[in-house]
Amino acid sequence: MPPGRFSNPRFPCKWHRAGSAWSEVPANSSNTVGRCRCRPESAGGGPDCPARPDQPRRALMSGDLLEDLSGLRGGLGGLADYLRASTMPDYRRRFGGLRLFVENATAAAARAGAVDTAWRSLQLLGLLVPAGPPVAAAPGLRAAAAHQHEVWFDNRGYTAGPAYLNVLHNALLRSLIPAGNASAYGISAWTHPMNAFVSAMTVVSVLFALSFVLASFVIFPIAERRSGAKHLQLVSGVPPGLYWLVNHAWNLVNYLAPAATLLLHEFVSAGSIGPTVTVLLLYGLACAPLMYLASWRLGVPSKAYTLLACANLGLGFVTTMSVTIVRMIGEQNDDKRMQRISEVLKWLFMALPHFCLGHGLMELNIYYQLSVRLLSMAGKRGVKEYFSSGLVFHSSAWQPARK
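Residue numbering for the sequence shown follows the UniProt record's numbering, starting at 1 and increasing by one per position.
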């Protein structure tokens, strides 16, 4: 395809370079592939495959090598044996292929059923009017086979799936174009993978850990209620407020110990150590009473612990990732509607302490990454003062640093 506005200057379309012809295969070459066997563990294990037979191949304009495996014997089993035998020689070189005009038995059966229904209708019609050529030819449609095309790809090559699907689409397109002008047409395809967001997985890990810590707060209240220990303390003169205050203080002490280990490098800098501690502390203060409320409805400590841990993890993960992904999509595509949706979701989820923790850690990570980048670009003078005024940094704060 000639270069146009969809061409990438780093990877231009080499339309002026013609591909090579099919390579010749020796006449005595066998098209039968031997079966692979498993090596014994003493020999290192793994498959032990015979040498693969030579197959016709040609170089394409893109520089890739195209092999024609249609001559292999054994059908799909022979093809599978060939792929196994050529795995190591073509390691990190072969990422996919096409299988054309494959008979789809399910579609063929469905088509045959539809033809039978239509044929019965045509027979009834033939009782009323003379049967014309279309009616007489209808039984032949039953033998029409349904075919499909298959795209095989190795998902270890992240772009192999859409790339080979685009190859198939281009092949189908150019097969419908008159000869001599097919190379002037083509379908350009590109993917928009999301950038690796390591901090998002770190936040999920923090939510995962603290979900189990907070869920453990219900174990002792339920156990004391079932055993009568709570009732004994209340009838002995312990005020209910003091009982819950002591429980809350003890649970917070147990919460602060693991929370202190979560002061990770991704969220801690000279200007964000205080806000990070504040976010973790407020999450424990806000979420612990919710655990106490659930203790009145649950009677088995182990069951309550499991249910609340899953609920904490689900609420924190779903709300945090939904807002983060919607906002990232809106910013990468400059979609104002998606950005507004992310803002609405953010304010709706503010009622949940789980979201406040996850979103707060996300914002702190943005603050940390932005401060490090600007310090490296502008030097240390004047940058620290700029960040000392607040914590809430959105796309307006870190968008210029990405450009």
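Ideal Cβ positions, reconstructed from N, Cα and C, are used throughout, including at glycine.
Just reading off the beta strand (DSSP E) that residue 65 is part of, what are its end residues?
Residue 65 -> beta strand (DSSP E) spans 65 to 67.
If you check the beta carbons only, do residue 313 and residue 304 fall under 7 Å apart?
In this structure, residue 304 does not lie closer than 7 Å to residue 313 by Cβ.
Measuring straight from C-alpha to C-alpha, what distance separates residue 36 and residue 191?
Computed Cα separation, rounded: 37 Å.
Give the DSSP bridge partners of residue 404, in chain order.
Lying before the first or after the last residue shown, residue 404 is absent from the chain, which here runs from 1 to 403.
Specify the secondary structure class of residue 59 as computed by DSSP and reduced to three states.
Strand at residue 59.
Alpha carbon to alpha carbon, how far is residue 79 from residue 70?
Rounded to whole angstroms, residue 79 to residue 70 spans 9 Å at the Cα level.
Let me make sure I understand the geometry here. Which of 364, 333, 315 and 363 has the alpha-carbon closest to that of residue 348?
Comparing Cα-Cα distances from residue 348 to each of 364, 333, 315 and 363, the minimum goes to 315.
Buried or exposed (CB count within 10 angstroms, at least 16 for buried), residue 211:
Per the 10 Å Cβ criterion, buried.
With the cut-off set at 7 Å, would you say residue 288 and residue 247 are in Cβ contact?
No. Outside cutoff.
I need the DSSP call for residue 225, collapsed to helix, strand or coil.
In the three-state DSSP reduction, residue 225 falls in the helix class (H, G or I).
What would DSSP say about residue 133, mapped onto helix, strand or coil?
Interpretation of residue 133 is limited by its pLDDT of 44, a score under 50 that renders its predicted location unreliable; the figure taken from the coordinates is listed afterwards. Looking at residue 133 - three-state DSSP - the assignment turns out to be helix.
Buried or exposed: residue 89, going by 16 or more other Cβ atoms within 10 Å of its Cβ?
By the 10 Å Cβ count, residue 89 comes out exposed.
For residue 92, does the three-state DSSP call read helix, strand or coil?
In the structure shown, residue 92 sits in coil (DSSP, three-state: anything other than H, G, I, E or B).
Using the Cβ count rule (16 or more neighbours within 10 Å means buried), how would you classify residue 295?
It counts as buried.
Run through DSSP, which three-state label would residue 38 get?
Residue 38 carries a strand assignment under DSSP once its states are collapsed to helix, strand and coil.
CA-to-CA distance, residue 95 to residue 66, given in whole angstroms
For residue 66 and residue 95, the distance between alpha carbons rounds to 12 Å.
Just how far apart, CA to CA, sit residue 164 and residue 153?
Going by the C-alpha atoms only, they are around 7 Å apart.
Would you call the stretch 170 to 178 and the stretch 224 to 235 in contact, with 3 or more CB pairs under 8 Å?
They do not touch, by the three-pair rule.
Are the CB atoms of residue 189 and residue 166 nearer to each other than 7 Å?
For residue 189 and residue 166, yes; Cβs fall inside 7 Å.
Do you know how far the Cα of residue 38 is from the Cα of residue 173?
One C-alpha to the other measures close to 43 Å.
Give me the residue from 301, 61, 149 and 239 with the minimum Cα distance to residue 98.
Comparing C-alpha distances from residue 98 to each of 301, 61, 149 and 239 shows the shortest one belongs to 149.
Buried versus exposed call for residue 404 [16 or more other C-beta atoms within 10 Å across all chains shown]
An answer regarding residue 404 cannot be provided, because it is not within the stretch 1 to 403 covered by the chain.
Could you check if residue 361 is buried or exposed, using at least 16 other CB atoms within 10 Å of its CB as the buried criterion?
Flag for residue 361 reads buried.
Unbroken alpha helix (DSSP H) runs of length 4 or more, entirely within the stretch 298 to 380: which are they?
Fully enclosed alpha helix (DSSP H) runs of 4 or longer: 301 to 332, 336 to 349 and 353 to 378.
To the nearest angstrom, how far is it from the Cα of residue 209 to the Cα of residue 317?
Cα to Cα, residue 209 sits roughly 12 Å from residue 317.
Going by alpha carbons, who is nearest to residue 170 out of 156, 161 and 187?
When each option's Cα is compared against that of residue 170, the closest is 187.
My output table needs one value for residue 231: the three-state DSSP class, helix, strand or coil.
Helix at residue 231.
Between the alpha carbons of residue 344 and residue 225, how many angstroms are there, rounded?
Distance between residue 344 and residue 225, taken at the CA atoms: about 41 Å.
Does the distance between the C-beta of residue 349 and the nearest non-hydrogen atom of the ligand ZN fall short of 6 Å?
Among the ligands in the structure shown, none appear at all, so the ligand ZN cannot be discussed.
First and last residue of the uninterrupted alpha helix (DSSP H) at residue 284
Here the alpha helix (DSSP H) through residue 284 covers 273 to 295.
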